[in-house]
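Engineer:
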Amino acid sequence: MLTKKQKVEIVNKFGKNNADTGSTEVQVALLSGRINSLTDHLRSQPKDFSSRRGLLKLVGQRRNFMNYLKNRNSERYAAITKQLEIRVK
17 MLTKKQKVEI VNKFGKNNAD TGSTEVQVAL LSGRINSLTD HLRSQPKDFS SRRGLLKLVG
77 QRRNFMNYLK NRNSERYAAI TKQLEIRVK
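If you want the numbering used here, it's the position in the sequence shown, counting the first as 1, plus 16.
#1: Using the three-state DSSP reduction, which class does residue 103 fall into: helix, strand or coil?
#2: Residues in its own chain within less than 8 angstroms of residue 17 by CB, not counting five upstream and five downstream?
#3: List the endpoints of the continuous alpha helix (DSSP H) containing residue 17.
#4: Does residue 48 pass the burial test, meaning 16 or more other C-beta atoms within 10 Å, or should it be called exposed?
#5: Is residue 39 near residue 32, with beta carbons less than 8 angstroms apart?
#6: Under a Cβ-count criterion, where at least 16 other Cβ atoms within 10 Å of its own Cβ denotes burial, should residue 72 be classed as buried or exposed?
#7: Please report the straight-line C-alpha distance between residue 26 and residue 97, rounded to a whole angstrom.
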């Protein structure tokens with residue numbers, strides 16, 4: 017789980033200003049942070065199936081945001097995938 021401080025750092029890094037929590041890049045970055053923390057949790061607790069389901073839901077949400085960004089602005093899509101090191105098909 018991301019702490020409030022980590023969320024603020026992500027918003028400052030990817031947002032247009034400090035209050036920009038709704039832009040696609042910020043939402044993708046926040047989801048990526050949650051995905052990374054859940055992935056670490058599942059490495060230590062491999063039988064936690066409810067967390068695995070939550071992880072899959074988050075990955076699906078991030079995929080939807082990434083598809084939206086790819087269709088709207090491919091330059092921003094390429095930049096965010098490079099910054100967050102997200103694998104692309």
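Yeah, the Cβ is synthetic: ideal placement off N, Cα and C, and Gly gets one too.
Only a predicted model underlies this, so the values are computations on that prediction, with no experimental measurement involved.
Structural biologist: With the given structure in hand:
#1: The residue labelled residue 103 in the question sits at position 87 within the sequence shown. Three-state DSSP puts residue 103 in coil, outside helix and strand.
#2: Position 1 of the sequence shown, counted from the start, is the residue given in the question as residue 17. The residues are 50 and 53.
#3: Here residue 17 refers to the residue found at position 1 when the sequence shown is read from its first residue. Premise fails: residue 17 is in no alpha helix (DSSP H) and is neither H nor E.
#4: For the purposes of this step, residue 48 is taken as the residue at position 32 of the sequence shown. With 16 or more other Cβ atoms within 10 Å, it is buried.
#5: The sequence position of residue 39 within the sequence shown is 23, counting from 1. The sequence position of residue 32 within the sequence shown is 16, counting from 1. Residue 39 is a Cβ neighbour of residue 32, given a cutoff of 8 angstroms.
#6: Stepping through the sequence shown from its first residue, residue 72 is reached at position 56. By the 10 Å Cβ count, residue 72 comes out exposed.
#7: One-based indexing of the sequence shown puts residue 26 at position 10. One-based indexing of the sequence shown puts residue 97 at position 81. If you take the alpha carbons of residue 26 and residue 97, they lie about 15 angstroms apart.
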